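Student: Shown below is the structure under consideration.
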Amino acid sequence: MGATRAAAALEAAGLPCVAGAPLASRAYWRLGGPAELYLEVDSLDALVRAVQIARAHAIAVTPLGNGSNLLIADAGVPGLVVRLLGQLRDAEIDEATGVARVGAGLLNAVLLKRLERAGWAGLGCLAGVPGTMGGAVRMNAGTALGVLADVLIDVQIVDVDGVVRTLPAAALAMRYRWAELPAGAIVASARVHVHRDPDGAERAAVAHHIARRAATQPLDQPSCGSVFKNPPGDFAGRLIEACGLKGTRVGGAQISDKHANFIVNTGGASAADVLALIRAARGAVFARFGVDLEPEVHAAGAWGVDWPLPPAAAHVPSPGAQP
Ligand SMILES: Cc1cc2nc3c(=O)[nH]c(=O)nc-3n(C[C@H](O)[C@H](O)[C@H](O)COP(=O)(O)OP(=O)(O)OC[C@H]3O[C@@H](n4cnc5c(N)ncnc54)[C@H](O)[C@@H]3O)c2cc1C
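Read in order, the letters of the sequence shown are residues 150 to 472 in my numbering.
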């Protein structure tokens, strides 16, 4: 009921949304159900109005970046799913200060290309991360070359009431694959430090890093990158592989035989298939090593289970059980 009224209010505000829009094609894993309501906004003002209308009708708003770290439930996502386009994909560099303002909907790959063409560097940490700036802030995305927190100055957010606020990076308490955004906040843009790269050092490091990923990760199959965060001093992939789970399948989902911390969609996988493998890997690693792997991947939608998942002990398989 709230969603129907919210859809009518959005339409009246010049923000027509789509009811029941498929999301699988917008998520890297290529699976999951539809959005109850789906809206693409192309300006900060449109985003603010959409959030205010959703708030007034008591429906949740889920920001969708490039869907590269998102497990969307088979039952779909209740409420309003919002994607940031248009002006929210702009980037501008202040040449005098070396500060770039980047729209949260801008893809990392496009941003890096634009910076390089303009003779700037500084965001090599996002090379090969197939998301948007909004997703990068949310996840404190990064690689062996660094993390977004290294260069982030501040973020402009639209809070749950539809109020635009600027938060300094320090307020986000960024840590490994996590930023402490206020509940329900949507990042609209971020300001980051950039610098010149006269000797091409960053370009060379990025090229090396990209080649290494291609050799070690199943980049030709739909996935969400690393499913679990690495535990301190170890690697989730090493632990899962040591449990003999490489290649394990549930339905169309498989623990990659190239990199055990990747779950790939080999065709027709459901979110339930992926969740079963997540539980199997987590339970097996906990049973064998006593390490509780924490999912890095985010979940969206109506699951009928708790997310984040309960502690690993709940998933330890009984002897002889199949995943
Ligand atoms: C092949 C592959 C390799 C990967 N390698 C890496 C890697 O090396 N390092 C790394 O860190 N990650 C990696 N990832 C994971 C993923 O790309 C990152 O987490 C990325 O930052 C997610 O961005 P996104 O725009 O796709 O976000 P989404 O997947 O769309 O969303 C992720 C989370 O962020 C939230 N979100 C998205 N946009 C906003 C916004 N504007 N405001 C507030 N919240 C928002 C979503 O609601 C969700 O909770 C990889 C993924 C794949 C598929």
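Beta carbons are placed, not taken as given, at the ideal position from N, Cα and C, and that holds for glycine.
From a predicted model like this one, the values you see are computed outputs, not experimental measurements.
So the candidates are ALA176, LEU193, GLY169; which of them puts its Cα closest to the Cα of ALA184?
Tutor: Within the sequence shown, the letter at position 35 stands for residue 184. It is GLY169 whose Cα lies nearest to the Cα of ALA184.
Student: Short check: CB of GLY450 to CB of VAL226, under 8 angstroms?
Tutor: In the sequence shown, residue 450 corresponds to position 301, counting from 1. In the sequence shown, residue 226 corresponds to position 77, counting from 1. A contact, by the Cβ cut-off of 8 angstroms.
Student: Exposed or buried, which one is VAL312 when buried takes at least 16 other CB atoms within 10 Å?
Tutor: Against the sequence shown, residue 312 aligns to sequence position 163. VAL312 is exposed by the Cβ-count criterion.
Student: Taking the alpha carbon of ARG238 as the point to measure from, which residue in HIS357, ILE302, LEU196, LEU159 has its own alpha carbon closest?
Tutor: Here residue 238 refers to the residue found at position 89 when the sequence shown is read from its first residue. Ranking the options by Cα distance to ARG238, first place goes to LEU196.
Student: Whole angstroms are fine: how far does the CA of GLY182 sit from the CA of ALA338?
Tutor: For the purposes of this step, residue 338 is identified with residue 189 of the sequence shown, where counting begins at 1. For the purposes of this step, residue 182 is identified with residue 33 of the sequence shown, where counting begins at 1. Note that residue 338 is Ser in the sequence shown, not Ala. Roughly 28 angstroms separates the two Cα atoms.
Student: If you draw a straight line from the alpha carbon of ARG198 to that of ARG314, how long is it in whole angstroms?
Tutor: As a first step, residue 198 must be located in the sequence shown, where it is residue number 49. As a first step, residue 314 must be located in the sequence shown, where it is residue number 165. Near 15 angstroms, if we compare the C-alpha coordinates of ARG314 and ARG198.
Student: Please state whether the Cβ-Cβ distance between LEU188 and LEU219 is less than 8 angstroms.
Tutor: Residue mapping note: residue 188 aligns to position 39 of the sequence shown, counting from 1. Residue mapping note: residue 219 aligns to position 70 of the sequence shown, counting from 1. Their beta carbons are not under 8 angstroms apart, which means LEU188 does not touch LEU219 by this criterion.
Student: State the DSSP-derived secondary structure class of ALA424, mapped to helix, strand or coil.
Tutor: Here residue 424 refers to the residue found at position 275 when the sequence shown is read from its first residue. Looking at the sequence shown, residue 424 is not Ala but Leu. Correct three-state label for LEU424: helix.
Student: Taking the straight line between their C-alpha atoms, what separation do you get for ARG204 and ASP310?
Tutor: Against the sequence shown, residue 204 aligns to sequence position 55. Against the sequence shown, residue 310 aligns to sequence position 161. Cα to Cα, ARG204 sits roughly 6 angstroms from ASP310.
Student: Mark PRO444 as exposed unless 16 or more other C-beta atoms lie within 10 angstroms of its C-beta, in which case mark it buried.
Tutor: As a working note, residue 444 is residue 295 in the sequence shown. Answer is buried; the Cβ neighbour count reaches 16.
Student: Here's the rule I'm using: 16 or more other beta-carbon atoms within 10 Å means buried, otherwise exposed. How should ARG232 be labelled?
Tutor: Locating residue 232 in the sequence shown gives position 83, counting from the first residue. Result: buried.
Student: Which residue's Cα is closest to the Cα of ALA152: ASP243, ILE208, PRO165, ARG345?
Tutor: On the sequence shown, position 3 is the one that residue 152 refers to. Of the listed residues, the one whose Cα sits closest to ALA152 is ILE208.
Student: Helix, strand or coil, according to DSSP, for MET150 in the structure here?
Tutor: Your numbering for residue 150 matches position 1 in the sequence shown. Looking at MET150 - three-state DSSP - the assignment turns out to be coil, as it is neither helix nor strand.
Student: Under the three-state reduction of DSSP, which class applies to GLY200: helix, strand or coil?
Tutor: Locating residue 200 in the sequence shown gives position 51, where the first residue counts as 1. Correcting the residue type first, residue 200 is Val in the shown sequence and not Gly. If DSSP states are grouped into helix, strand and coil, VAL200 belongs with the helices.
Student: With DSSP as the reference, identify every bridge partner of TYR187, one or two as the case may be.
Tutor: Translated into positions along the sequence shown, residue 187 becomes position 38. Answer by DSSP bridge pairing, in chain order: VAL167, VAL230.
Student: Taking 8 angstroms as the CB-CB limit, is ALA409 close to chain C?
Tutor: Among the chains of the structure shown, chain C does not appear; only one protein chain is present.
Student: Say whether the stretch 322-336 touches the stretch 291-306, bearing in mind that this needs 3 or more beta-carbon pairs closer than 8 angstroms, one atom from each stretch.
Tutor: With a cut-off of 8 angstroms, the stretch 291-306 and the stretch 322-336 count as touching, because enough Cβ pairs lie within range.
Student: May I ask whether a heavy atom of ligand 1 can be found less than 7 angstroms away from the beta carbon of ARG314?
Tutor: Translated into positions along the sequence shown, residue 314 becomes position 165. Checking the Cβ of ARG314 against ligand 1 gives no.
Student: Check whether the Cβ atoms of GLY271 and VAL355 sit closer than 8 angstroms, and answer yes or no.
Tutor: In the sequence shown, the residue the question calls residue 271 occupies position 122. In the sequence shown, the residue the question calls residue 355 occupies position 206. Going by C-beta atoms, GLY271 is not nearer than 8 angstroms to VAL355.
Student: Considering only residues of the same chain and omitting the five flanking positions on each side of GLN471, which have a CB-CB separation below 6 angstroms?
Tutor: The sequence position of residue 471 within the sequence shown is 322, counting from 1. Reliability fails at GLN471, whose pLDDT of 45 lies under 50, so the model's placement of it is uncertain and the value that follows must be treated cautiously. Once the five neighbours on either side are set aside, GLN471 has no close Cβ partner at all.
Student: Give a yes or no on whether the C-beta atoms belonging to TRP178 and VAL399 are separated by under 8 angstroms.
Tutor: Stepping through the sequence shown from its first residue, residue 178 is reached at position 29. Stepping through the sequence shown from its first residue, residue 399 is reached at position 250. Not closer than 8 angstroms, so no.
Student: Measure the alpha-carbon distance for ALA162 versus GLN201 and round it to whole angstroms.
Tutor: Counting from one through the sequence shown, the residue named residue 162 turns up at place 13. Counting from one through the sequence shown, the residue named residue 201 turns up at place 52. Near 11 angstroms, if we compare the C-alpha coordinates of GLN201 and ALA162.
Student: Please report the straight-line C-alpha distance between PHE384 and GLY295, rounded to a whole angstrom.
Tutor: Translated into positions along the sequence shown, residue 384 becomes position 235. Translated into positions along the sequence shown, residue 295 becomes position 146. Roughly 17 angstroms separates the two Cα atoms.
Student: Which term fits SER467, buried or exposed, when burial requires 16 or more other beta carbons within 10 angstroms of its beta carbon?
Tutor: Locating residue 467 in the sequence shown gives position 318, counting from the first residue. Residue placement at SER467 is flagged as unreliable, the pLDDT there being 47, under the threshold of 50; the coordinate-derived value follows with that caveat. Burial call: exposed.
Student: Mind checking GLU241: buried by the 16 CB within 10 Å criterion, or exposed?
Tutor: As a first step, residue 241 must be located in the sequence shown, where it is residue number 92. So GLU241 counts as exposed.
Student: Determine the contact status of ASN414 and ALA402, defining contact as a CB-CB distance below 8 angstroms.
Tutor: For the purposes of this step, residue 414 is taken as residue 265 along the sequence shown, with counting starting at 1. For the purposes of this step, residue 402 is taken as residue 253 along the sequence shown, with counting starting at 1. Yes. Within cutoff.
Student: Do LEU330 and ARG287 have their CB atoms nearer than 8 angstroms?
Tutor: Along the sequence shown, read from residue 1 onward, the residue named residue 330 stands at position 181. Along the sequence shown, read from residue 1 onward, the residue named residue 287 stands at position 138. Yes; because the gap between Cβ atoms is below 8 angstroms, this pair is in contact.
Student: Can you tell me whether MET323 sits near ligand 1, meaning its C-beta is under 7 angstroms from at least one heavy atom of the ligand?
Tutor: For the purposes of this step, residue 323 is identified with residue 174 of the sequence shown, where counting begins at 1. No, the Cβ of MET323 stays beyond 7 angstroms of every heavy atom of ligand 1.
Student: Closest by CA to ARG352, which one among THR211, ALA253, LEU426, ARG266?
Tutor: Residue 352 sits at position 203 when you count from the first residue of the sequence shown. The shortest Cα separation from ARG352 among THR211, ALA253, LEU426, ARG266 belongs to ARG266.
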